[in-house]
Amino acid sequence: GMGGVGKTTLLTQINNKLSNNLIGYDVVIWVVVSKDHTIEKVQEKIGEKVGSFKCVVEEYKLRCESYRYFSNFEQKKFVLLMDDVWERVDLIKVGIPVPNQDNVSKLIFTTRFLEVCGKMEAQEKIEVKCLRKDEAWELFEKKVGEETLDSHPDTWGLAKQVAVKCGGLPFALKVLG
1 GMGGVGKTTL LTQINNKLSN NLIGYDVVIW VVVSKDHTIE KVQEKIGEKV GSFKCVVEEY
61 KLRCESYRYF SNFEQKKFVL LMDDVWERVD LIKVGIPVPN QDNVSKLIFT TRFLEVCGKM
121 EAQEKIEVKC LRKDEAWELF EKKVGEETLD SHPDTWGLAK QVAVKCGGLP FALKVLG
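Sequential numbering from 1 applies to the sequence shown in the UniProt record's numbering.
Below, the structure written as structure tokens:
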């Protein structure tokens, strides 16, 4: 989905739910990948999340020197949440075993681009769309507040115009509300 539509918010909710109840997983790892990512940056962020002091890739496997958590991803069930993916991330080069039915691990990622889903071999794609006009107005009204809307006779009309200009993007509605 497009920027501001709520992909990161949804991923945050998934992260919070899983972090509070691991339901058979050893760890939940959140990584913001972004447009200018490098394999090393992704590895470093993963290492930080699992409490590692130093992570290195040996034979395309991420090995972390750590006394606090674990040193071998192949033996762990994990959920890897990658936010803001702009291009294919080669998990093998990162050193993470590709999630599959055998290792029961999961990869959930957000992207603006449908073709990234194909390149990442996503099993399931969920498009996050803009809010409908009535949903957008409801969110905007909630953020602005009734007291503000009632403060002047012209406020309701102006608020409706602003909400329409936001095009159903939750982020814009929240910022301007």
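All C-beta atoms in this analysis are idealised placements derived from N, C-alpha and C, irrespective of residue type, glycine included.
Problem set entry | Contacts around residue 88, its chain only, beta-carbon distance under 8 Å, and the 5 residues preceding and following it disregarded | Within its own chain, the residues whose Cβ lies closer than 8 Å to the Cβ of residue 88, once the five positions on either side in sequence are excluded, are 116, 119, 120, listed in chain order.
For this session: Using beta-carbon positions only, say whether residue 83 and residue 32 come within less than 9 Å of one another.
Result: Yes, the pair counts as a contact, with Cβ atoms nearer than the cut-off.
Exercise. So what does residue 109 bridge to, in DSSP terms?
Worked result: DSSP links residue 109 through a beta bridge to 82.
Exercise. So is residue 110 buried or exposed if we call it buried at 16+ other beta carbons inside 10 Å?
Worked result: Per the 10 Å Cβ criterion, buried.
Exercise. Rounded to a whole number of angstroms, what is the C-alpha to C-alpha distance between residue 24 and residue 96?
Worked result: Going by C-alpha positions, residue 24 is about 19 Å away from residue 96.
Exercise. In terms of residues, what are the limits of the alpha helix (DSSP H) holding residue 29?
Worked result: Per DSSP, residue 29 lies in no alpha helix (DSSP H); the unbroken beta strand (DSSP E) holding it starts and ends at 27 to 32.
For this session: Could you pull out every residue in the same chain whose Cβ sits closer than 6 Å to the Cβ of residue 19, ignoring the five residues on either side in sequence?
Result: If we look at residue 19 and ignore the five residues flanking it on each side, its Cβ neighbours are 28.
Exercise. With a Cβ-Cβ cutoff of 9 Å, do residue 149 and residue 159 count as a contact?
Worked result: Inclusion of residue 149 and residue 159 in the CB contact set at 9 Å is warranted, their separation being smaller than that value.
For this session: Report the residue from 132, 147, 144 whose alpha carbon sits nearest the alpha carbon of residue 164.
Result: The option with the nearest alpha carbon to residue 164 is 132.
For this session: Find the nearest neighbour of residue 98 within the set 134, 152, 80, judged by alpha-carbon distance.
Result: Sorting 134, 152, 80 by C-alpha distance to the C-alpha of residue 98 places 80 at the top.
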